[in-house]
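See below for the structure under consideration.
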Amino acid sequence: MDNRVKNRMKQVAFTLVEMLIVIAVIFIVATITLPQLGDIPRAARISQGAEIVVGALSNARMSAVSRNRTVEVRLLSYSDPKSPFSSVQIRAIQLFEDLEGTLVPLSKPRALPTGIIISADSDYTTLNSLPVNTPTAQDPTLPGVAKNYTYRSFRARPDGSFNLDRLLPASTTPQITVVDENRPPSGLPAIGNFATITIEPLTGFTRAYRP
C-alpha cells in the first residue's frame, strides 16, 4: 500500500472521529435545552393566566369606582370538564355588581388557560383562607360545569379599595399565585414556574411577580 492510500485512509478516519464528536456535542446540547424549550409554552400559559387575574382585579376596582357600587370578585373552583379525572381547583374568575343587595354578573367567567390554576397551597395563595361558598338558585351556571362549582369571594369598594383588610389577618399579604396544575412550585421561597399577584387592599393596586 503506497503512502497516498495510507494518507487518504488517515484523513477519512480523522473525519469520522470529528463527526462522532460533533454528534455527541449536539446530543448533549439537545438533552440540556429540550426540557427548557418544553417549558416555554407552559410559561406563556402561566403568564396569560396571571394577565387574566390582574385584568379582572383591575376591572373590578375601576368598575366599583366608576359606578360607585360594590363589585364582588369570585374565584371559581371546579374540575376541568375536558378532563374527567382532574381535581377541583380554582380555574376561573368572575365579577358581580352589587345592585342594592342583588348581585348581577358584571362579566362572563374568565377561565385560566387549560392546565393552569390558582394554587391551592395557602403559602402561595393566601386568599385560600377565605370561606368557600356554594352557588344558590340565583347564581349563574358555568359552561360545561353547570352549578358543580364552589367559590371564594371578596369585594372592591367604591373608593377603589378591597375588603381583604377585613377578611384576612392583619399580618397576611393578600396574594394569588398562578401555577401549572401538574408542575406546581415547591419550597419557600418558591422554586419553579409560577406568577404571584399581590394585592394592596387599601389602594386596590396589584403587583405581579414572575421568577
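In my numbering, the protein residues as written are 102 to 312.
Where a beta carbon is used, it is the ideal one built from N, C-alpha and C, also for glycine.
All values derive from a computational prediction rather than experimental measurement.
- Task: Could you round the C-beta distance between residue 174 and residue 158 to whole angstroms and report it? I think they count as a contact, below 8 Å.
- Result: 7 Å
- Item | Close Cβ partners of residue 225 (< 6 Å) along its chain, the five nearest in sequence each way excluded | 278
- Mind listing, in chain order, the continuous alpha helix (DSSP H) runs of no fewer than 4 residues lying wholly within the stretch 198-273? Here the runs fully enclosed are 265-268.
- Query: Looking only at DSSP bridge pairs, what is residue 301 linked to?
  - Reply: Answer is none; residue 301 lacks a bridge partner.
- Query: So, helix, strand or coil for residue 162, using DSSP?
  - Reply: Reduced to three states, the DSSP call for residue 162 is helix.
- Task: Find out if the Cβ-Cβ distance for the pair residue 210, residue 231 is shorter than 8 Å.
- Result: no
- Query: Taking just the CA atoms, how far does residue 264 sit from residue 273?
  - Reply: 13 Å
- Count the other C-beta atoms from every protein chain shown that fall within 10 angstroms of the C-beta of residue 292, then say buried if there are 16 or more, exposed otherwise. exposed
- Task: Just the C-alpha distance for residue 246 and residue 206, rounded to the nearest angstrom, thanks.
- Result: 17 Å
- Residue nearest to residue 241 in terms of C-alpha spacing, selected from 164, 312, 275 and 177: 177
- Do residue 192 and residue 212 have their C-beta atoms within less than 8 Å of each other? yes
- Between the C-alpha atoms of residue 310 and residue 169, what's the straight-line distance to the nearest angstrom? 30 Å
- Inter-residue spacing [alpha-carbon to alpha-carbon] between residue 167 and residue 257: C-alpha separation (whole angstroms): 12 Å.
- C-beta atoms of residue 254 and residue 305 nearer than 8 Å: no
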